[in-house]
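S.K.: One structure, as structure tokens, below. Some questions next.
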Amino acid sequence: MARRPYDMLFKLLLIGDSGVGKTCILYRFSDDAFNTTFISTIGIDFKIKTIELKGKKIKLQIWDTAGQERFHTITTSYYRGAMGIMLVYDITNAKSFDNIAKWLRNIDEHASEDVVKMILGNKCDMSDRRVVSRERGEKIAQDHGIRFHETSAKLNVHVDTAFYDLAEAILAKMPDSTEEQSRDTVNPVQPQRTGGSGGCC
Amino acid sequence: MTTKYMERLAKIEEVLLIANKKIDLNELRAGCSYGVPESLRPLAWRLLLHYLPLERHDWQKFLAEQRKNYDDMIEQIIVEPGTASMAINSVQEEEDHDHPLSDHPTSDWSAFFQDNKVLSQIDKDVRRLYPEIQFFQLLSKFPHPHGMKYPLSRRVINHQELTSQEFGANRDGIVGCVKTKVAKSQDENQAPNSEFHWHFSLLTALLNSNFQIVERILFIYAKLNPGVQYVQGMNELVAPIYYVFANDSDEEWAAYAEADTFFCFQQLMSEVKDNFIKTLDDSICGIESSMSAFHNMISSFDSELHKHLTSTLEIKPQFYAFRWLSLLLSQEFPLPDVITLWDALFSDPQRFALLQYVCLAMMELQRESLLQGDFPFCVRLLQNYPDTDVAKIVAFAQDIRDGKATRPVPKEASKGSKIARHARQLSDTLRNLSIIKK
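Top line first, the protein sequences correspond to chains A and B.
In this text, residue positions in the first sequence follow this note's numbering: the first is 7, and each later residue adds one.
In this text, residue positions in the second sequence follow this note's numbering: the first is 21, and each later residue adds one.
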């Protein structure tokens, strides 16, 4: 058939407190660069990157959100369509870690049930200012059955790994050949969820 | 072009003539609506934002009073609490009554920490102002004589150290540098650099950089308006005003840039603050209704574009218009362009009706690209609007508003594009099918 620029489209979302480095993580991943002087994200921003995974071309559509509470009404409307959510905190900022629980509740309330979640402890290059130990990060992720990575957008530590890992988890969840009912996340023609989707498969 | 400019300059100068006892605001608006010459802008903005009274002979007294008011606010809001916070040792003596860990609601410390929560958010954002220009990192020529002794960014630092280093910004602020200095043996390569940074930051923390002045303005506003406090993005609304006032060639006025910016910002906020209040989002004055009004405007002016964006691509106004409207386009263009754009916005007698037309003009100028683009292309275009002559956007916006612009003709008749669109839809459907089958 005609050329197809990609095989699959995954919608990802970056959330977390303001100033934890969401935009820097995304910029590192999409442009492989680091910049400390980003303006603050207002509302929602957007980047695209196509990756290859298991022989498939996967287009990642990544939404970057504003961290401040005020923007939650604006940003939570994107949770629904997201197939993967990265929840970012800053290892040098205890408050941003404490808020993980709040962000997880947000996900439960607004995202679809089968969304793949991941927690990222960013700024792991700043070990002299670390206030959240790696173990605490791992523990909270484990308690919620979520993937976890410590990243540094600045030194490019585990940023790619995190995105590939998330994409892989989403891919693994995809119905392989099952003739399943259309999945609302990939089929814009059918935006409504089918009733009683809670207990399927 | 130059003659037009000269005419405009002459017109504005005529309105602002010293001989005119009272400024004719309508004339001033008419003169400024296509842009204000740099030398007259600081005065024109003070008038257009309803800060300066129109009676010229009131100015001197009024300004003296307002600037004194601002000094008093600094004294009450920053210097007095600042004195307490910076003299931690002397506070120790009063430990019986109040102490940093007290959670008593009337505790001065508790209020202090509450303030610092707001402050640390402001601090993160003001450091990120217009990174492409140096101005906000430079030292202010006229720092506030009292305020400068209590730089707010230092309070954020005190807070950090008192509450087990709770501070989120990855910045080269004084905190990071002091710590880097202590820990420099861990990273020999960075040590000399850190040393330099440490001295540099210490210096800038004690003197006042322009971003710290914006910080002070925002903090005082947040304290005086507890219902609004500080919302990310307000920094972007203060910055252009402060930039214009601080670069006034008349140094007598430039010296009061901080106080006057505060009051002008307050005036501006009185008109746009609803955009920042979450509880008003769904009300008639909130940002959601501004966004839907904007999309309705696109729909009635250019139904084809509206249909393409909303029905075909499902692009919501939240993706781009939220930022455009709530920040008065301040994040979409380089600062000099934002300033020219604001000349027009501030001159709008029905503030901020013109803003919506400016946004519509921006859409129309990119119409062809938008109609041909797919979802990612269009979102990216709208979130990173290409460099454009803003004067052209403003002129077009005014034409649309005044009914002088011709509506675009839907291309339904054009066979070629119709076939192309069908082909695109078909390929989209096929792609979706192939995704589902995988």
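Ideal Cβ positions, reconstructed from N, Cα and C, are used throughout, including at glycine.
Can you list the residues of chain B that Q148/A reaches, using a CB-CB cut of under 8 Å?
M.R.: For the purposes of this step, residue 148/A is identified with residue 142 of the first sequence, where counting begins at 1. Correct list: empty, because the minimum Cβ distance to chain B is about 24 Å.
S.K.: Please identify, using Cβ separations under 7 Å, the residues of the stretch 27-57 of chain A that lie next to chain B, in order along the chain.
M.R.: If the cut-off is 7 Å between Cβ atoms, the stretch 27-57 of chain A has G27, T42, T43, F44, I45, S46, I48, G49, I50, D51, F52, I54 near chain B.
S.K.: Report, in whole angstroms, the separation of the C-beta atoms of K101/A and D23/A, which I expect to be a contact under 8 Å.
M.R.: For the purposes of this step, residue 101/A is identified with residue 95 of the first sequence, where counting begins at 1. For the purposes of this step, residue 23/A is identified with residue 17 of the first sequence, where counting begins at 1. Right, the Cβ-Cβ distance comes to about 7 Å (below 8 Å), so this counts as a contact.
S.K.: In terms of alpha-carbon separation, which member of C30/A, G73/A, H116/A lies closest to D38/A?
M.R.: Numbered from its first residue, the first sequence carries residue 38/A at position 32. Measuring from the Cα of D38/A, the nearest candidate turns out to be C30/A.
S.K.: At the 8 Å Cβ level, is G25/A part of the contact set with chain B, yes or no?
M.R.: Taking the first sequence and counting its residues from 1, one reaches residue 25/A at position 19. Chain B, which has a Cβ nearer than 8 Å to the Cβ of G25/A, makes this yes.
S.K.: Using only CA atoms, which one of D171/A, G27/A, T42/A lies nearest to R148/B?
M.R.: For the purposes of this step, residue 148/B is taken as the residue at position 128 of the second sequence. For R148/B, the nearest C-alpha among the options comes from T42/A.
S.K.: Do P163/B and N228/B have their beta-carbon atoms positioned less than 8 Å apart in this structure?
M.R.: The residue given as residue 228/B occupies position 208 in the second sequence. The residue given as residue 163/B occupies position 143 in the second sequence. In contact: N228/B and P163/B (Cβ atoms closer than 8 Å).
S.K.: With distances taken between CB atoms, is the gap from F231/B to F156/B smaller than 8 Å?
M.R.: On the second sequence, residue 231/B is found 211 positions in, with the first residue counted as 1. On the second sequence, residue 156/B is found 136 positions in, with the first residue counted as 1. A contact, by the Cβ cut-off of 8 Å.
S.K.: With DSSP collapsed to three states, give me the class of G90/A.
M.R.: Taking the first sequence and counting its residues from 1, one reaches residue 90/A at position 84. Residue state, collapsed to three classes: strand.
S.K.: Name the DSSP bridge partner or partners of F154/A?
M.R.: The residue labelled residue 154/A in the question sits at position 148 within the first sequence. DSSP, once it has assigned bridges, lists I125/A as partnering F154/A.
S.K.: If you reduce the DSSP assignment to three classes, tell me which class V146/B lands in.
M.R.: Locating residue 146/B in the second sequence gives position 126, counting from the first residue. Three-state result, V146/B: helix.
S.K.: State the CB to CB distance for the pair F339/B and L401/B, rounded to an integer number of angstroms; the pair is presumed to be in contact (CB under 8 Å).
M.R.: Residue mapping note: residue 339/B aligns to position 319 of the second sequence, counting from 1. Residue mapping note: residue 401/B aligns to position 381 of the second sequence, counting from 1. Not a contact, Cβ separation roughly 11 Å.
S.K.: Using a C-beta to C-beta distance shorter than 7 Å, which residues of chain B count as neighbours of A72/A?
M.R.: Here residue 72/A corresponds to residue number 66 of the first sequence, with the count starting at 1. Chain B residues near A72/A: Q252.
S.K.: Compute the Euclidean distance between the alpha carbons of Y25/B and T408/B, then round it to the nearest angstrom.
M.R.: Here residue 25/B corresponds to residue number 5 of the second sequence, with the count starting at 1. Here residue 408/B corresponds to residue number 388 of the second sequence, with the count starting at 1. Rounded to the nearest angstrom, the two C-alpha atoms are 19 Å apart.
S.K.: Anything in chain A within Cβ reach of D301/B, meaning under 7 Å, just list it in chain order.
M.R.: Numbered from 1 along the second sequence, position 281 holds the residue referred to as residue 301/B. The answer, in chain order, is T79.
S.K.: Are the C-beta atoms of K144/B and some chain A residue less than 8 Å apart?
M.R.: As a first step, residue 144/B is located in the second sequence; it is residue number 124 there, counting from the start. It does: the Cβ of K144/B has a partner Cβ on chain A nearer than 8 Å.
S.K.: List the whole-angstrom C-beta distance separating F285/B from V258/B, where the pair is believed to meet the contact cut-off of C-beta under 8 Å.
M.R.: Stepping through the second sequence from its first residue, residue 285/B is reached at position 265. Stepping through the second sequence from its first residue, residue 258/B is reached at position 238. About 5 Å; that satisfies the 8 Å criterion.
S.K.: Can you say whether Q206/B is buried or exposed, counting buried as having 16 or more other CB atoms within 10 angstroms of its CB?
M.R.: Here residue 206/B refers to the residue found at position 186 of the second sequence. Any reading at Q206/B must be qualified, since the residue scores a pLDDT of 39, below 50, and its modelled position is unreliable; no value is offered.
S.K.: If we ignore side chains and look at the alpha-carbon of each, how far apart do T47/A and Y250/B end up?
M.R.: In the first sequence, counting from the first residue as 1, residue 47/A sits at position 41. In the second sequence, counting from the first residue as 1, residue 250/B sits at position 230. So the alpha carbons of these two residues sit roughly 15 Å apart.
S.K.: Using beta carbons (cut-off 8 Å, strictly below), is R343/B in contact with chain A?
M.R.: Along the second sequence, one-based indexing puts residue 343/B at 323. So yes, R343/B belongs to the interface.
S.K.: Could you give the distance in angstroms between the alpha-carbon of R142/A and the alpha-carbon of M92/A?
M.R.: Taking the first residue of the first sequence as 1, we reach residue 142/A at position 136. Taking the first residue of the first sequence as 1, we reach residue 92/A at position 86. Roughly 17 Å separates the two Cα atoms.
S.K.: Are the C-beta of L45/B and some C-beta of chain A separated by less than 8 Å?
M.R.: In the second sequence, residue 45/B corresponds to position 25, counting from 1. No, L45/B does not count as interfacial toward chain A.
S.K.: Do you know offhand how far F296/B's Cα is from G49/A's?
M.R.: Residue mapping note: residue 296/B aligns to position 276 of the second sequence, counting from 1. Residue mapping note: residue 49/A aligns to position 43 of the first sequence, counting from 1. For F296/B and G49/A, the distance between alpha carbons rounds to 11 Å.
S.K.: Mapping the DSSP letters down to three states, classify E75/B as helix, strand or coil.
M.R.: Taking the second sequence and counting its residues from 1, the one referred to as residue 75/B is at position 55. Strand at E75/B.
S.K.: Do L349/B and L361/B have their beta-carbon atoms positioned less than 8 Å apart in this structure?
M.R.: Taking the second sequence and counting its residues from 1, one reaches residue 361/B at position 341. Taking the second sequence and counting its residues from 1, one reaches residue 349/B at position 329. Taking 8 Å as the Cβ cut-off, L361/B and L349/B qualify as a contacting pair.
S.K.: My assumption, with CB atoms under 8 Å, is that A417/B sits in contact with L380/B. Please give the rounded CB distance.
M.R.: Indexing the second sequence from 1 puts residue 417/B at position 397. Indexing the second sequence from 1 puts residue 380/B at position 360. 7 Å between Cβ atoms; contact.
S.K.: Considering only C-alpha positions, which residue in the set I146/A, R34/A, F35/A, L172/A is nearest to F103/A?
M.R.: In the first sequence, counting from the first residue as 1, residue 103/A sits at position 97. Nearest of I146/A, R34/A, F35/A, L172/A to F103/A, Cα basis: I146/A.
S.K.: What number of angstroms, rounded off, separates the C-alpha of F77/A from the C-alpha of S269/B?
M.R.: Here residue 77/A is taken as the residue at index 71 of the first sequence, counted from 1. Here residue 269/B is taken as the residue at index 249 of the second sequence, counted from 1. Rounded to whole angstroms, F77/A to S269/B spans 39 Å at the Cα level.
S.K.: For M14/A, which beta-bridge partners are listed by DSSP?
M.R.: Position 8 of the first sequence, counted from the first residue, corresponds to residue 14/A. Note: M14/A sits in a beta bridge opposite I64/A.
S.K.: Using C-beta distances below 6 Å, list every residue in its chain close to A189/B, excluding the 5 sequence neighbours before and after it, in chain order.
M.R.: Reading the second sequence from its first residue, position 169 is the one you call residue 189/B. Confidence at A189/B is low in this model, with a pLDDT of 33, below 50, so its placement is unreliable and the value that follows should be read with caution. Counting only Cβ-Cβ distances below 6 Å, and skipping sequence neighbours, we find K144.
S.K.: Using the three-state DSSP reduction, which class does K41/B fall into: helix, strand or coil?
M.R.: By 1-based counting over the second sequence, the position of residue 41/B is 21. Reduced to three states, the DSSP call for K41/B is coil.
S.K.: To which residues of the same chain is W344/B closer than 7 Å at the C-beta, ignoring the five residues directly before and after it?
M.R.: In the second sequence, residue 344/B corresponds to position 324, counting from 1. Correct list, in chain order: E352, C379.
S.K.: List the endpoints of the continuous beta strand (DSSP E) containing L300/B.
M.R.: In the second sequence, counting from the first residue as 1, residue 300/B sits at position 280. Neither: L300/B is in no beta strand (DSSP E) and is coded neither H nor E.
S.K.: When DSSP builds the beta bridges, which residues end up paired with I21/A?
M.R.: Within the first sequence, residue 21/A is the residue found at index 15, counting from 1. Paired residue(s): L93/A.
S.K.: Residues of chain A with a CB under 9 Å from the CB of F296/B: which are they?
M.R.: Locating residue 296/B in the second sequence gives position 276, counting from the first residue. Here the neighbours are R76.
S.K.: To the nearest angstrom, how far is the alpha carbon of P474/B from that of I68/A?
M.R.: Residue 474/B is absent from the structure shown; chain B starts at 21 and stops at 458.
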